[in-house]
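Step one of this worksheet: look at the structure below.
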Amino acid sequence: GVTFMPLSPTFEKYEVEQEVRAAGADVVMTSAQDFHKFEWVLDDSRNDNKNRVKLVVIFDGKHDKHVTYEQLRDEGKGRKLSQIPHFDVNPEKDMLFLIHTSGTTGAPKCAMIPHRCVLNKMNIPNRGTGLITSLIYPMGHKIGSSRLPAMIISGSKLILFDSNNAEHIAQSVEKYGIQNLGIFPHTGKQMVDQGLLDKYDLSTLKIITSGGAAFPANCARAFIDKFKLSFREGYGMTEYPALARNRGQGEYIPGNCGRVSAGTEVKVVDLTTGESLGPNTDGEICVRGVNLIAGYLNNPKAWEAAVDGEGWYRT
């Protein structure tokens, strides 16, 4: 029943304090390396009763005023619940994640992700059940946060990276036998341009997945021709992830994002009149369906401006 809000690793002290306060967080979990971003919590004059953080967990290192993860784990060692608690969660209304948008159109907004959004994505990883999968998307990214529960359900091993250094990723594919590699387009281009496809043994690769921008066609072709793998591109946004997905079946078509995802409706409208347009006509993409977020935290006006009365989200 807990709502989880991963923070972007690029956030500094100011952004961290603003977002933690806005969410009304009760518990903070961090590393010793990033703890300096949360030191304001120790200041009683700033950590007021209204938005008070009650517990800070540091996964590594020690701090006199805090409980480390190891201490938390040791305190519960050997303890047994008299009964397994039942959390009455409403998949439609209760929030699982709070994820910040990228801020393309202004200041980042905090998207509210209900349980149904994650449940509706559980059919996606089944095509890769049991594969050793990697992920360079941070947990503060919608793909990063939703991929972890998907991997647990599909029985896959997940390799997480602390950077998107192309050579480190290639080394890891060779070391861990990664089969499903999720990368950003610019990282894939670096792997090709730096000759890493030949420098390391990447023969275990079966699937490349990418999103966030168009993957350079010549680089995608280099991966496909060398490893005979399935190349999959997706199109979406924090508000509606995986709006469309290329399943990687059949011939690779540069710039093609595949078909609209299950449970999703898409239309293209005229920017001036709002009228629906036909094929091969430029306009604004509008989407509605099961994966649409519940709104923006503490910002209902922005959400009302983005969604019309029929539930269409203007991208």
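Heads up: the sequence shown begins at 10 in my numbering, then just goes up one per residue.
Idealized CB from N, CA, C, for every residue including glycine.
Bear in mind that the values here come from a model prediction, so they are computed numbers and not experimental data.
Tell me the rounded alpha-carbon separation between residue i and residue j.
i    : j    : result
G341 : L90  : For residue 341 there is no data in the structure shown, the boundaries of the chain being 10 and 324.
K208 : A179 : 9 angstroms
K198 : R30  : 39 angstroms
V76  : N307 : 31 angstroms
K235 : D202 : 14 angstroms
P250 : A314 : 19 angstroms
C126 : G164 : 20 angstroms
G243 : H195 : 15 angstroms
F47  : A34  : 12 angstroms
A223 : V182 : 23 angstroms
K22  : G85  : 32 angstroms
D103 : A32  : 15 angstroms
L140 : D43  : 32 angstroms
T273 : T114 : 24 angstroms
E101 : G204 : 47 angstroms
E319 : S285 : 14 angstroms
V36  : H177 : 33 angstroms
I162 : L128 : 11 angstroms
T282 : S270 : 27 angstroms
D52  : F20  : 20 angstroms
K310 : R88  : 47 angstroms
V50  : F13  : 18 angstroms
M38  : V62  : 11 angstroms
N99  : A116 : 30 angstroms
Is residue i helix, strand or coil when you go by DSSP?
i    : result
A120 : strand
V299 : coil
E319 : coil
K2   : With the chain covering 10 to 324 only, the question about residue 2 has no answer from this structure.
P134 : Because the pLDDT of P134 is 47, which lies under 50, any placement of that residue in the model is unreliable, and the number read from its coordinates should be weighed accordingly. Helix, per DSSP.
T196 : helix
L205 : helix
F47  : helix
H177 : helix
K102 : coil
Y249 : coil
I161 : helix
Applying the criterion that 16 or more other CB atoms from any shown protein chain within 10 Å of the CB defines a buried residue, is residue i buried or exposed?
i    : result
A159 : buried
I217 : buried
H150 : buried
I93  : exposed
S143 : buried
P123 : buried
K118 : buried
E79  : exposed
When you compare the CB positions of residue i and residue j, do they come within less than 8 angstroms of one another, or not?
i    : j    : result
W312 : R297 : no
L81  : V66  : yes
I145 : N173 : yes
M200 : A175 : yes
H275 : E293 : For the sequence presented, residue 275 should be read as Val rather than His. No, the pair does not count as a contact, with Cβ atoms beyond the cut-off.
R241 : G257 : yes
S154 : P15  : yes
T247 : A120 : yes
G10  : F68  : no
R268 : A253 : yes
I168 : I192 : no
Check whether the Cβ of residue i sits closer than 7 angstroms to any heavy atom of the ligand PLP, and report yes or no.
i    : result
L128 : Among the components modelled here there is no ligand, and therefore nothing to report on the ligand PLP.
Margin query: Could you check whether the segment 105–123 touches the segment 300–307, counting it as contact only if at least three pairs of C-beta atoms, one from each stretch, sit closer than 8 angstroms?
Written below: Here the segment 105–123 makes contact with the segment 300–307; the two share three or more CB pairs at distances below 8 angstroms.
Note to self: Pairs of beta-carbons, one from the segment 284–292 and one from the segment 255–270, closer than 8 angstroms: are there three or more?
What the structure shows: Below 8 angstroms, too few C-beta pairs join the segment 284–292 and the segment 255–270 to call them touching: fewer than three.
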